[in-house]
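Read through the structure below, which is laid out as structure tokens, and then see the notes.
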Amino acid sequence: MKISIIGSNGFLSTAIGKYANASGWRVDCYGLDAPTGHQFDNFYKINLMTGAIDCEKLLASDMVVYASGAGIQSNLKEGADLVYGLNVSAPIMICNKLKELNFQGVFVTFGSVFEVGETVAKSPFSEDVVLNSTCRAPSEYVVSKRVFSRFVSSYEHEFTHWHFVIPTIYGEGENPKRLIPYVVNAIRLNGELHFTSGDQVRQYIYVGEVPVLLEMALKKDLKSGVYNIEGSETLTVREIVQKVFDSFDRRIPKDCFGSAERSDVGMKYLALDGTKLRNTIGFTASTKIADVIARY
């Protein structure tokens with residue numbers, strides 16, 4: 520088994536690389552810098568904004584995973600050119616090149632529950648809802664992910680292409696400014712905490728379950744298509760914070776909610792319906808947030 524991972528040091532790409540190492544797969548990586556979180560057989564330095572991947576090298580891979588991207592972390596202030604370049608232009612170029620070269624493996628890309636935008640719905644979204652949403656898009660990231668998902672659902676190709684729409688991923692090693700590590704670090708350092716109202720509902724999946732899904736899909740010969748990955752827990756931000764404090768046997772400080780603003784507060788409910796994937800290959804996420812807090 521040989522896997523190529525495009526995006527060398529991201530949170531998701533690192534989790535996939537570690538899983539590949541543990542499974543004894545051969546690993547090729549493409550990115551700005553060599554991976555630091557997992558081992559690899561070959562590393563190809565590439566800036567997707569200024570150069571194109573030599574897709575002929577990908578033809579020897581059983582699976583090619585596009586795990587590069589930009590815009591999910593609003594605090595990084597990434598420009599629109601970078602967001603659209605990595606989330607739309609680069610993966611479309613690879614899709615078309617693999618088609619031209621008669622690729623025989625599996626190409627994997629990722630969408631996001633954020634593509635739905637500022638909806639008033641309060642029930643898990645199907646793949647059709649994600650792909651057809653016209654709700655307000657509050658960021659370039661949301662728009663870019665919509666554009667690519669709709670491309671994937673429309674273009675014709677002979678090779679297998681799985682496009683997995685994911686909820687919020689979490690786990691040890693994630694950006695320290697994201698919710699769970701932000702709370703964990705504040706508790707450990709007795710730092711101040713500032714949150715929005717905390718009423719937004721988000722669905723969560725442990726990052727380590729994604730590569731498990733990839734292997735399961737490969738073994739069960741999953742057909743091309745757009746598939747939602749349903750997380751194991753759907754909770755408000757307040758409930759997430761409470762779970763972290765409970766794991767430390769601490770009490771949440773008063774007045775920390777409502778003291779911060781975020782661009783995603785208009786997206787009150789973001790959760791995916793994973794029925795299609797569950798019925799097709801039997802995948803069900805099982806890891807809970809409380810199971811992994813100690814790993815942070």
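The sequence shown begins at 520 in the working numbering and counts up by one. Glycine residues also receive a C-beta, built at the ideal position from the N, C-alpha and C atoms. In this text the structure is predicted, and so the values were computed from the model without any measurement.
Excluding sequence positions up to five away, which residues of its chain have a Cβ less than 7 Å from the Cβ of leucine 620?
Cys574, Glu575, Leu578
In three-state terms, what does DSSP make of phenylalanine 683?
strand
Looking at the structure shown, is arginine 769 part of a helix, part of a strand, or coil, going by DSSP?
coil
What would DSSP say about cysteine 654, mapped onto helix, strand or coil?
coil
Closest to valine 703 by C-alpha separation, out of Thr803, Lys564, Lys762, Glu749, would be which residue?
Lys762
Tell me, which residues are paired with asparagine 747 by DSSP?
Val684
First through last residue of the alpha helix (DSSP H) which encompasses isoleucine 611
609-619
At which residues does the beta strand (DSSP E) containing tyrosine 674 begin and terminate?
Here tyrosine 674 belongs to no beta strand (DSSP E), and DSSP marks it neither H nor E.
Between the C-alpha atoms of alanine 656 and tyrosine 549, what's the straight-line distance to the nearest angstrom?
30 Å
Going by DSSP, what residue range makes up the beta strand (DSSP E) through phenylalanine 622?
Here phenylalanine 622 belongs to no beta strand (DSSP E), and DSSP marks it neither H nor E.
I need the straight-line Cα distance from leucine 791 to glycine 570, nearest angstrom please.
35 Å
Alpha carbon to alpha carbon, what distance is there between lysine 738 and phenylalanine 714?
42 Å
Exposed unless 16 or more other CB atoms sit within 10 angstroms - verdict on methionine 520:
exposed
Roughly how many angstroms separate the alpha carbons of tyrosine 701 and tyrosine 815, rounded to a whole number?
10 Å
Are the beta-carbon atoms of leucine 732 and phenylalanine 667 separated by less than 8 Å?
no
What residues match up with threonine 755 in a beta bridge as DSSP calls it?
Val720
What's the C-alpha gap between threonine 853 and leucine 741?
Residue numbering for the chain in the displayed model covers 520 to 815; residue 853 lies beyond these limits and cannot be assessed.
Let me make sure I understand the geometry here. Which of Gly536, Val607, Glu677 has the alpha-carbon closest to that of valine 726?
Gly536
According to DSSP, leucine 791 sits in a beta bridge with which residue or residues?
Phe644
For valine 602, collect the residues of the same chain with a Cβ closer than 8 Å to its Cβ; drop the 5 residues on either side in sequence, then sort them by chain order.
Ala589, Gly590, Glu659, Tyr660, Ser663
In three-state DSSP terms, what is phenylalanine 802?
coil
Should the region 620-639 be called in touch with the region 753-760, which here means at least 3 C-beta pairs below 8 Å?
no
Cβ of leucine 698 within 8 Å of Cβ of isoleucine 759?
yes
From Ser523, Ile525, Gly529, pick the residue whose C-alpha is nearest to that of isoleucine 688; which is it?
Gly529
Assigned exposure category for phenylalanine 767 - 16 Cβ within 10 Å defines buried
exposed
So tryptophan 681 packs on valine 627, CB below 8 Å; how close in whole Å?
5 Å
List the whole-angstrom C-beta distance separating arginine 770 from glycine 717, where the pair is believed to meet the contact cut-off of C-beta under 8 Å.
So it is not a contact: roughly 15 Å between Cβ atoms.
Outcome for valine 639 when other beta-carbon atoms lying within 10 angstroms are tallied against a minimum of 16:
exposed
Among residues of its own chain, excluding the 5 on either side of serine 743, which ones have a beta-carbon nearer than 6 Å to its beta-carbon?
Thr679, His680
Candidates Asn694, Lys641, Leu531, Phe562: closest to methionine 786 by CA position:
Lys641
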